[in-house]
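Engineer: Protein chains in written order, with this note's numbering: chain A, 2 to 94; chain B, 2 to 94.
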């Protein structure tokens, strides 16, 4: 009963959000590889801005009915864990 | 040929984005009615954050194929014009 094209919007929303989370991780890794300190206020600001942007996209996708609220929460939680692991690895260097 | 439910996602995306733009305008009007000065850095920050959030939603909707890029641009332009009219009206008070 579910038209193909609807499934496509849902799948695309999930794929885009996962890709955006991955992009944030990559950005932070690049900053660390280039030795931009996590204590730097600019680092915090970039990260906050990116996380806010992603959370707005997630919220929008939930309101559109394209993703479950829980998927969004899990994505943000996982990203935060990965970021804090990166942060920890960096400060221990 | 276009399934109802797809049209619904598109319509919903447009409606949500229009509503979010309207919410920003309302927020700014409330700030002005309560005499929070537009020169206040907090005002600028709130506005910047809200505009960034909306532009991320718009970008996401474009990438999902739910809205045309031009619709997003028009929405942001119109909002910016309305905001600057509000701002002008306020500073002339």
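We put the CB at the ideal spot given by N, CA and C, even for glycine.
One question on the structure: do residue 67/A and residue 21/A come within less than 8 angstroms of each other, judged by their Cβ atoms?
Structural biologist: The residue labelled residue 67/A in the question sits at position 66 within the first chain. The residue labelled residue 21/A in the question sits at position 20 within the first chain. Against a cut-off of 8 angstroms, the Cβ pair of residue 21/A and residue 67/A comes out as no contact.
Engineer: Less than 8 angstroms between the beta carbons of residue 17/A and residue 65/B, yes or no?
Structural biologist: Residue 17/A sits at position 16 when you count from the first residue of the first chain. Residue 65/B sits at position 64 when you count from the first residue of the second chain. Yes, these two residues count as a Cβ contact at 8 angstroms.
Engineer: Closer than 7 angstroms by beta-carbon distance: list the chain A residues that pair up with residue 57/B, in chain order.
Structural biologist: Along the second chain, one-based indexing puts residue 57/B at 56. Chain A residues near residue 57/B: 54, 57, 58.
Engineer: Would you grab the beta carbon distance between residue 83/B and residue 48/B for me? Rounded to a whole angstrom, and I think it's under 8 angstroms.
Structural biologist: Position 82 of the second chain, counted from the first residue, corresponds to residue 83/B. Position 47 of the second chain, counted from the first residue, corresponds to residue 48/B. With a Cβ gap of about 12 angstroms, residue 83/B and residue 48/B do not count as contacting.
Engineer: Use the C-beta contact count for residue 57/A: other C-beta atoms within 10 angstroms, 16 or more gives buried, fewer gives exposed.
Structural biologist: In the first chain, counting from the first residue as 1, residue 57/A sits at position 56. Buried, because 16 or more other Cβ atoms sit within 10 Å of the Cβ of residue 57/A.
Engineer: Would you kindly work out how many angstroms separate the C-alpha atoms of residue 91/B and residue 33/A, rounded to a whole number?
Structural biologist: For the purposes of this step, residue 91/B is taken as residue 90 along the second chain, with counting starting at 1. For the purposes of this step, residue 33/A is taken as residue 32 along the first chain, with counting starting at 1. Looking at the two C-alpha atoms, the distance is approximately 45 angstroms.
Engineer: Which residues of chain B have a Cβ atom closer than 7 angstroms to the Cβ of residue 91/A, listed in chain order?
Structural biologist: Within the first chain, residue 91/A is the residue found at index 90, counting from 1. Correct list: empty, because the minimum Cβ distance to chain B is about 27 angstroms.
Engineer: Can you give me the C-alpha to C-alpha distance between residue 2/B and residue 14/B, rounded to a whole angstrom?
Structural biologist: Reading the second chain from its first residue, position 1 is the one you call residue 2/B. Reading the second chain from its first residue, position 13 is the one you call residue 14/B. Unreliable positioning characterises residue 2/B in this predicted model, as indicated by a pLDDT of 46, which lies under 50. The coordinate reading is nonetheless provided below. Whole-angstrom Cα-Cα distance: 20 angstroms.
Engineer: Identify every run of the alpha helix (DSSP H) within the stretch 12-84 of chain B, keeping only runs that are complete inside it and at least 4 residues long; order them along the chain.
Structural biologist: Listed in chain order, they are 42-64.
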